[in-house]
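As you go down the protein sequences, you meet chains A and B in turn.
Start counting the first sequence at 19; every next residue gets the next number (the numbering used here).
Start counting the second sequence at 808; every next residue gets the next number (the numbering used here).
A virtual CB, placed ideally from N, CA and C, is assigned to each residue, including glycine.
All values reported here derive from a predicted model rather than from experimental measurement.
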Amino acid sequence: EAQVTQNPRYLITVTGKKLTVTCSQNMNHEYMSWYRQDPGLGLRQIYYSMNVEVTDKGDVPEGYKVSRKEKRNFPLILESPSPNQTSLYFCASSLRQGNTEAFFGQGTRLTVV
Amino acid sequence: AQSVTQLGSHVSVSEGALVLLRCNYSSSVPPYLFWYVQYPNQGLQLLLKYTTGATLVKGINGFEAEFKKSETSFHLTKPSAHMSDAAEYFCAVSESDSWGKLQFGAGTQVVVTP
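Structure below.
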């Protein structure tokens, strides 16, 4: 079954404690990205990757890092989380063309206290 | 730069009534247009998309949308709402050279009343 898997689904952490949210896809997609969803703002892109070892900033990259060492995995790293990073996070993958469907993970609800 | 405006953050419809969700976009190049649906505690899934060709696009669960270039709109409709349509709906645009980046609207929460 084609899927994007994120872990964990829920996470509560304290300010400044480094965390990683994992994302894995089984569709051999080149393009992967991270979005955050906030009420009234829709989804905003944090970082994206066009292929292994190729990553770039999206619209709201401050405070986040990513890596793409393998095609299937695209972890999101918060080196020093702050309360304004409390949000719902989604990983997505798609083929490289802009007209193709994006597949989304189930989401990670992060709370930073 | 591209942007997406969804009119109405919350819409309440009666079961069996027409569902109409409005989406307008701005784009410097011919866009690809999408509607995604998010059910509670789930990720987004594709309802339908417009890339080229026929401007009236049919999707899953009885939804359809019409691309109107002159109005820069891509409104989503369903003739008869079902209780299972209660969800949040997102309009999104991708420019043809954007490598799959999606620009989302703010979303519309649909409530279906008996």
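Integer Cβ distance of residue i from residue j, believed to fall under 8 Å
i         : j         : result
Asp56(A)  : Ser105(A) : 6 Å
Tyr832(B) : Ser810(B) : 7 Å
Val84(A)  : Ser67(A)  : 7 Å
Ala893(B) : Leu883(B) : That pair is no contact at about 15 Å.
Leu828(B) : Thr915(B) : 5 Å
Tyr82(A)  : Leu96(A)  : 6 Å
Leu853(B) : Phe870(B) : At roughly 11 Å, the Cβ-Cβ gap does not stay under 8 Å, so Leu853(B) and Phe870(B) are not in contact.
Gln43(A)  : Phe121(A) : 7 Å
Phe805(B) : Cys830(B) : Residue 805(B) falls outside the range modelled here, since chain B spans only 808 to 921, and no answer is possible.
Distance between residue j and residue i (C-alpha atoms, nearest Å)
i         : j         : result
Gly823(B) : Val917(B) : 14 Å
Ser887(B) : Gln910(B) : 28 Å
Leu851(B) : Val844(B) : 5 Å
Asp74(A)  : Ser821(B) : 44 Å
Ala110(A) : Trp52(A)  : 6 Å
Lys908(B) : Pro847(B) : 24 Å
Ala899(B) : Ala913(B) : 9 Å
Val818(B) : Ala861(B) : 28 Å
Ala20(A)  : Asn46(A)  : 10 Å
Same chain only: Cβ atoms within 7 Å of residue i, ignoring 5 sequence neighbours per side
i         : result
Gln124(A) : Gln24, Arg27
Thr858(B) : Tyr839
Residues near residue i in its chain [Cβ-Cβ closer than 8 Å; skip 5 each side]
i         : result
Pro101(A) : Thr33, Val130, Val131
Val78(A)  : Arg54, Arg62, Gln63, Ile64
Met890(B) : Glu822, Val919, Pro921
Lys865(B) : Leu855, Glu871
6 Å CB neighbourhood of residue i in its chain, flanking five on each side removed
i         : result
Val70(A)  : Arg86, Lys89
Arg114(A) : Glu48, Tyr49
Chain-ordered chain A contacts of residue i [CB-CB under 8 Å]
i         : result
Tyr839(B) : Gly116, Asn117
Ala913(B) : Gly58, Leu59, Gly60
Ser901(B) : Gly116, Asn117
Gln809(B) : Ordered by position in chain A, no residue passes the 8 Å Cβ test against Gln809(B), which lies about 11 Å from the chain.
Phe874(B) : None at all; the shortest Cβ gap to chain A is about 13 Å.
Phe897(B) : Gly60, Leu61
Ser816(B) : Gly58
Amino acids of chain A, ordered along the chain, whose beta-carbon sits closer than 9 Å to that of residue i
i         : result
Thr812(B) : In chain order: nothing, as chain A lies at least about 10 Å away.
Lys856(B) : Asn117, Thr118, Glu119
Where residue i meets chain B, residues with beta-carbon distance less than 7 Å
i        : result
Tyr66(A) : Lys908
Within chain B, partners of residue i - CB distance below 9 Å
i         : result
Phe108(A) : Gly850, Leu851
* Asked: Just checking, does the stretch 22-33 of chain A make contact with the stretch 115-128 of chain A on the three C-beta pairs under 8 Å criterion?
  -> yes
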